[in-house]
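To keep things clear, I will list the structure first and then write my remarks on it.
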Amino acid sequence: MAPTDFDRLIDRRDTASQKWEKYRDQEILPMWVADTDFMAPAAVLEALHERVDHGVFGYTNTPAVLNEQVCERLQRLYSWSVSADDLVWLPGLVCGLHLACRTAASPGEAVMSPQPIYPPFMSAPRLSERELITLPMAHIEGRLRIDFDALEQAITAQTRLLLFCNPHNPGGTVYRREELEQLAEILIRHDLLVCSDEIHCDLILEPGLTHIPLASLNDEIAARTITLMAPSKTYNIAGLGCSFAVIQEPQLRRRFQRARKGIVPDVNLMGYTAAQAAYADGDEWNRAQLDYLRENRDYLIEQINALPGLKLNNIEATYLAWIDVSGAKLENPAHFFEQAGVGMSPGRDFGDDRYMRLNFGCPRARLEEAVERIRRALLNSLPA
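Rendered as structure tokens:
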């Protein structure tokens, strides 16, 4: 199979794509939900074809080789020593957030979440009948990160868990080691558990930066951390539903597994198959993807910052742009940009209605068309 052509415009209409069905039969480019418009790696496609050709799709255990791959990968990339027993496989990352809330806190106790943040961080505590405490994030030298002073002030006697996101969605921040160490010190001192969403860990765009799993810092923070990871965002296989939690403290892991029992199903065999192929043979493909995404990012930052009323800081990771639209003084930004023909995620869903989130994980031609539509709309509506 030929290498993926990231410039290829793949028609995803009439495939029941959540991303594309939202604007079905409308002249609106879908740049919202976080899946890319790139074909998955050839190795993944070949493995799925082989599994289909086998022809039997019964109940499936986690392949032992996949556990071995993940443990080897975490050691190789992060010098993080994890055993197969530490892994809990899940059919998605969002259910992991919900399970973490149920594991760490009892009904009525509190879960903390930064804002702005991926919306399930705010809905999971509420749906679990836990109190939600939101934390403001700080803009520091163009980077969006947790305000550690605000974190300490917000902790109450009922607080049990922090939901953490690194790399950050939607801000694209990669937390530095000293920042993670400061966070870990606060969590340990206040005897809090943490659920660390690290699903974008393989999508670091900024040269010189590396992902550091929070739980890899030391044994003390590892004992209170539920780490959530997945191949889904990296290799565009989210629809196959395969994620995992790393929980190194045995009692915490047993509580997490007890919370899922009878409610959260196992991963399906196609998800396992795709994950195994991606981790075995997908690194070269991802390096090419990252090169493409960097070029898209650099183009987008330059173009957006040249438009009236918009501002876009550097994006250290992910394929998501967190665009400040407050200067355009739009009454309803989401509607305005949809009328312009570009469907983005409203910032209000993430806790800050001054922003819009744009997914630039797409062929350059589509990104250029989206930018041109945004430019025309702004220049035609804003006073000179």
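Start counting the sequence shown at 1; every next residue gets the next number (full-length UniProt numbering). Ideal placement from N, C-alpha and C gives every residue a C-beta, glycine not left out.
(1) Helix, strand or coil, according to DSSP, for Trp89 in the structure here?
(2) Rank Asn236, Arg258, Gln276, Glu372 by C-alpha distance to the C-alpha of Ser17 and give the top, closest one.
(3) Taking all protein chains shown into account, decide if residue 390 is buried (16 or more other Cβ within 10 angstroms of its Cβ) or exposed.
(4) What's the call for Glu109, buried or exposed, on a 16-neighbour Cβ count within 10 Å?
(5) If I'm right that Val264 touches Pro41 with Cβ under 8 angstroms, what's the distance once you round it to whole angstroms?
(6) Would you check if there are 3 or more beta carbon pairs closer than 8 angstroms linking the stretch 329 to 348 to the stretch 190 to 201?
(7) Comparing C-alpha positions only, which one of Trp285, Arg297, Ser326, Ala370 sits nearest to Thr318?
(8) Roughly how many angstroms separate the alpha carbons of Cys101 and Val65, rounded to a whole number?
(9) Considering only DSSP beta bridges, list what Asn359 is partnered with.
(10) Just list the residues that DSSP pairs His139 with in beta bridges.
(11) With DSSP as the reference, identify every bridge partner of Phe244, one or two as the case may be.
(12) Is Cys261 buried or exposed, if buried means 16 or more other CB atoms sit within 10 Å of its CB?
(13) Three-state secondary structure (DSSP) at Glu72?
(14) Between which two residues does the alpha helix (DSSP H) harbouring Arg160 extend?
(15) In the structure shown, what three-state DSSP assignment does Ala328 receive?
(16) What's the call for Asp86, buried or exposed, on a 16-neighbour Cβ count within 10 Å?
(17) Around the Cβ of Ala340, are there at least 16 other Cβ atoms within 10 angstroms (buried) or fewer (exposed)?
(18) Can you tell me which of Pro363, Leu127, Pro30, Ile117 puts its alpha carbon nearest to the alpha carbon of Pro107?
(19) Count the other CB atoms, across all protein chains shown, that sit within 10 Å of the CB of Gly271; report buried if there are 16 or more and exposed otherwise.
(20) Let me check understanding here. Comparing Cα to Cα, which of Asn313, Trp32, Phe38 lies closest to Cys362?
(21) Let me make sure I understand the geometry here. Which of Leu144, Ser113, Cys165 has the alpha-carbon closest to that of Thr159?
(22) Just to confirm before moving on: does the CB-CB distance between Val194 and Thr225 stay below 8 angstroms?
(23) Below 8 angstroms, how does it come out for the stretch 227 to 246 and the stretch 273 to 282: are there three or more Cβ pairs, yes or no?
(24) Would you call the stretch 368 to 381 and the stretch 20 to 31 touching, i.e. three or more CB-CB distances under 8 angstroms?
(25) Find out if the Cβ-Cβ distance for the pair Asp197, Cys165 is shorter than 8 angstroms.
(26) Can you check which of these residues, Gly347, Ala306, Val342, Leu290, is closest to Thr4 by C-alpha distance?
(27) Taking DSSP as the reference, what is the three-state secondary structure of Met122?
(28) Flag this pair as yes or no: are the beta carbons of Gly343 and Arg357 separated by less than 8 angstroms?
(29) What are the boundary residues of the alpha helix (DSSP H) that Leu290 is part of?
(30) Starting from Asp197, follow the beta strand (DSSP E) in both directions and report where the run begins and ends.
(31) Can you give the Cα-Cα distance for Glu152 and Ala104, rounded to whole angstroms?
(32) Count the other CB atoms within 10 Å of the CB of Leu379; is the residue buried (16 or more) or exposed (fewer)?
(33) Mapping DSSP to helix, strand and coil, what is Gln18?
(34) Give a yes or no on contact between the stretch 302 to 309 and the stretch 69 to 89, applying the rule of three or more CB pairs nearer than 8 angstroms.
(35) Applying the 10 Å Cβ sphere with the 16-neighbour rule, what's the burial state of Ala34?
(36) Leaving out five residues before and five after His200 in sequence, what residues of the same chain have Cβ atoms less than 7 angstroms from its Cβ?
Taking the definition as stated:
(1) Here residue 89 refers to the residue found at position 89 when the sequence shown is read from its first residue. Strand, per DSSP.
(2) Taking the first residue of the sequence shown as 1, we reach residue 17 at position 17. Ranking the options by Cα distance to Ser17, first place goes to Asn236.
(3) Residue numbering for the chain in the displayed model covers 1 to 384; residue 390 lies beyond these limits and cannot be assessed.
(4) Numbered from its first residue, the sequence shown carries residue 109 at position 109. That one is buried.
(5) Residue 264 sits at position 264 when you count from the first residue of the sequence shown. Residue 41 sits at position 41 when you count from the first residue of the sequence shown. Going by Cβ atoms, the distance from Val264 to Pro41 rounds to 27 angstroms, so no, they are not a contact pair.
(6) no
(7) Taking the first residue of the sequence shown as 1, we reach residue 318 at position 318. The shortest Cα separation from Thr318 among Trp285, Arg297, Ser326, Ala370 belongs to Arg297.
(8) The residue given as residue 101 occupies position 101 in the sequence shown. The residue given as residue 65 occupies position 65 in the sequence shown. Rounded to whole angstroms, Cys101 to Val65 spans 30 angstroms at the Cα level.
(9) The residue you call residue 359 lines up with position 359 of the sequence shown. Per DSSP, Leu320.
(10) Here residue 139 corresponds to residue number 139 of the sequence shown, with the count starting at 1. Per DSSP, Leu144.
(11) In the sequence shown, counting from the first residue as 1, residue 244 sits at position 244. Trp89, Met229, per the DSSP bridge assignment.
(12) As a first step, residue 261 is located in the sequence shown; it is residue number 261 there, counting from the start. Here residue 261 is Lys; the residue named in the question, Cys, does not match the sequence. The residue in question, Lys261, is exposed, as its Cβ has fewer than 16 Cβ neighbours within 10 Å.
(13) Reading the sequence shown from its first residue, position 72 is the one you call residue 72. Of the three classes helix, strand and coil, the one that applies to Glu72 here is helix, per DSSP.
(14) Against the sequence shown, residue 160 aligns to sequence position 160. In the DSSP assignment, Arg160 falls outside any alpha helix (DSSP H) and lies within the beta strand (DSSP E) extending over 159 to 165.
(15) Numbered from 1 along the sequence shown, position 328 holds the residue referred to as residue 328. The answer is helix: DSSP assigns Ala328 an H, G or I state.
(16) Residue 86 sits at position 86 when you count from the first residue of the sequence shown. So Asp86 counts as buried.
(17) Here residue 340 refers to the residue found at position 340 of the sequence shown. So Ala340 counts as buried.
(18) Residue mapping note: residue 107 aligns to position 107 of the sequence shown, counting from 1. Nearest C-alpha to Pro107: Leu127.
(19) Reading the sequence shown from its first residue, position 271 is the one you call residue 271. Buried, by the Cβ-count rule.
(20) Taking the first residue of the sequence shown as position 1, residue 362 is located at position 362. Among Asn313, Trp32, Phe38, the Cα nearest to that of Cys362 belongs to Phe38.
(21) Numbered from its first residue, the sequence shown carries residue 159 at position 159. For the residues Leu144, Ser113, Cys165, the minimum Cα distance to Thr159 belongs to Ser113.
(22) Reading the sequence shown from its first residue, position 194 is the one you call residue 194. Reading the sequence shown from its first residue, position 225 is the one you call residue 225. For Val194 and Thr225, yes; Cβs fall inside 8 angstroms.
(23) Yes: the two stretches touch, three or more of their Cβ pairs being nearer than 8 angstroms.
(24) The stretch 368 to 381 vs the stretch 20 to 31: in contact.
(25) In the sequence shown, the residue the question calls residue 197 occupies position 197. In the sequence shown, the residue the question calls residue 165 occupies position 165. Cβ distance < 8 angstroms, so Asp197 and Cys165 count as in contact.
(26) The sequence position of residue 4 within the sequence shown is 4, counting from 1. The shortest C-alpha separation from Thr4 is found at Leu290.
(27) Counting from 1 along the sequence shown, the entry for residue 122 is found at position 122. In the three-state scheme derived from DSSP, where H, G and I count as helix and E and B as strand, Met122 is classed as helix.
(28) The count along the sequence shown starts at 1 and reaches residue 343 at position 343. The count along the sequence shown starts at 1 and reaches residue 357 at position 357. Contact flag unset, no.
(29) Locating residue 290 in the sequence shown gives position 290, where the first residue counts as 1. Per DSSP, the unbroken alpha helix (DSSP H) holding Leu290 starts and ends at 283 to 304.
(30) To locate residue 197, count along the sequence shown from 1; it is residue 197. 193 to 197 is the extent of the beta strand (DSSP E) around Asp197.
(31) Position 152 of the sequence shown, counted from the first residue, corresponds to residue 152. Position 104 of the sequence shown, counted from the first residue, corresponds to residue 104. Straight-line Cα distance between these residues: approximately 19 angstroms.
(32) Translated into positions along the sequence shown, residue 379 becomes position 379. Exposed is the call here.
(33) On the sequence shown, residue 18 is found 18 positions in, with the first residue counted as 1. Helix at Gln18.
(34) In short, these stretches do not touch, since the Cβ pair count stays below three.
(35) The count along the sequence shown starts at 1 and reaches residue 34 at position 34. With 16 or more other Cβ atoms inside 10 Å of its own Cβ, Ala34 counts as buried.
(36) If you number the sequence shown from 1, residue 200 lands on position 200. Taken in chain order, the residues that qualify are Pro167, Asn169, Lys233, Ala317, Thr318.
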